[in-house]
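Scroll down for the structure; my scribbles are underneath it.
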Ligand code: ATP
Ligand code: MG
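Residue numbers (the numbering used here): 3 to 242.
Okay, here's the thing in structure tokens:
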């Protein structure tokens, strides 16, 4: 579903992504980890055409993705993204946050969009919060709304960039539980996270990045038993 080949990106003189190659099949779940500044967010943002890149290719279902392609809208439609900060519309109710994309971009009528939004809110266990505004919810609840909002566009691929790292510890689990059930339903997912319990449970592959490059790609079992390079081993020993 996604193919990245020879991807390089610079911010001025800063070489942020180096020769990234990564292919992801439909239904696969990839966990991306690595030290701060290693390029994880930048890579994810290139996949969603939020960031330009200089060389190489990103292809989504065969179609070229870059920040000035004609297919920008369809890329954004097909790729759901959840960030560390929830980025909800503060003045809209929870249900309107979820229903807005389908109404405006998919031109679905209000009634049907709200009906679907309620289904999604039930899926993230927030049906009873639909009429509140985001500031009335906890961080974990807001992040679950953000997930429901991304799912409302019926994406083929979901990108998560450290979705739990801004949350109080007691709220991390409720968000990871939603992500896990999404994984079990067969969603294709790329998750930047340092939640290694999640990685063990759902990742088909773990991608370890450092200095803008993919240093290791391994199945969780191999990754966690230290069957990888020194850098990755050192990283694992710091976070587990
Ligand atoms: P973290 O774990 O802290 O989120 P990361 O792996 O996501 O880190 P990126 O945010 O992708 O790292 O950043 C990779 C490198 O690119 C860093 O050195 C960062 O300073 C640089 N960088 C990121 N965004 C920009 C930008 N808009 N302009 C200039 N440099 C940037
Ligand atoms: Mg980041």
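Ideal placement from N, C-alpha and C gives every residue a C-beta, glycine not left out.
*Taking only the alpha-carbon atoms, compute the straight-line gap between residue 185 and residue 191 and give it to the nearest angstrom.*
7 angstroms
*asked:* Assuming contact is defined by CB atoms lying nearer than 8 angstroms, are residue 40 and residue 150 in contact in what I supplied?
replied: no
_C-alpha distance - residue 47 paired with residue 85, whole-angstrom precision_ = 10 angstroms
*asked:* Can you find the residues in the same chain that come closer than 8 angstroms, C-beta to C-beta, to residue 196, ignoring five residues on each side of it along the sequence?
replied: 35, 164, 167 and 241
*State the start and end residues of the unbroken beta strand (DSSP E) segment that holds residue 4.*
4-13
*asked:* Our contact map puts residue 33 next to residue 49 with C-beta atoms below 8 angstroms; I'd like the distance itself, whole angstroms only.
replied: Not confirmed; about 15 angstroms, so no contact.
_Distance cut 7 angstroms, beta-carbon to the ligand MG heavy atom: residue list by chain order_ = 42, 43, 163, 164 and 194
*Does any heavy atom of the ligand ATP sit closer than 7 angstroms to the C-beta of residue 215?*
no
*For residue 58, does the three-state DSSP call read helix, strand or coil?*
strand
*If you draw a straight line from the C-alpha of residue 38 to the C-alpha of residue 237, how long is it?*
11 angstroms
*In whole angstroms, what is the alpha-carbon distance linking residue 5 and residue 162?*
18 angstroms
*For residue 218, does the count of other Cβ atoms within 10 angstroms reach 16, so buried, or fall short, so exposed?*
buried
_Status (buried if at least 16 other CB within 10 Å, exposed otherwise) for residue 99_ = buried
*Please go through the region 149-216 and give each complete beta strand (DSSP E) segment of 3 or more residues, from N-terminal end onward.*
159-163, 190-194 and 207-212
_At a cut-off of 7 angstroms, would you count residue 36 as near the ligand ATP, judging by its Cβ distance to the nearest heavy atom?_
yes
*Verify whether the separation of the beta carbon atoms of residue 11 and residue 19 is less than 8 angstroms.*
yes
_Test: residue 110 CB closer than 8 angstroms to a CB of chain B_ = Looking at the structure shown, chain B is missing, and only one protein chain is on hand.
_Suppose the cutoff is 7 angstroms on Cβ atoms and the five residues either side in sequence are ignored; what does the same chain contact list for residue 42 look like?_
34, 36, 194 and 211
*Can you name the start and end residues of the beta strand (DSSP E) that residue 48 belongs to?*
No beta strand (DSSP E) contains residue 48, which is instead part of the alpha helix (DSSP H) from 42-49.
*Express the C-alpha separation of residue 104 and residue 115 in angstroms, rounding to a whole number.*
6 angstroms
*Rounded C-beta distance between residue 82 and residue 153? I'm assuming under 8 angstroms.*
6 angstroms
*In whole angstroms, what is the alpha-carbon distance linking residue 230 and residue 239?*
12 angstroms
*6 angstroms Cβ shell around residue 174 - same chain, five flanking residues per side excluded*: 166
*May I ask which residues mark the beginning and end of the beta strand (DSSP E) holding residue 100?*
Not the beta strand (DSSP E): residue 100 falls in the alpha helix (DSSP H), residues 96-107.
*Is residue 214 buried or exposed, if buried means 16 or more other CB atoms sit within 10 Å of its CB?*
buried
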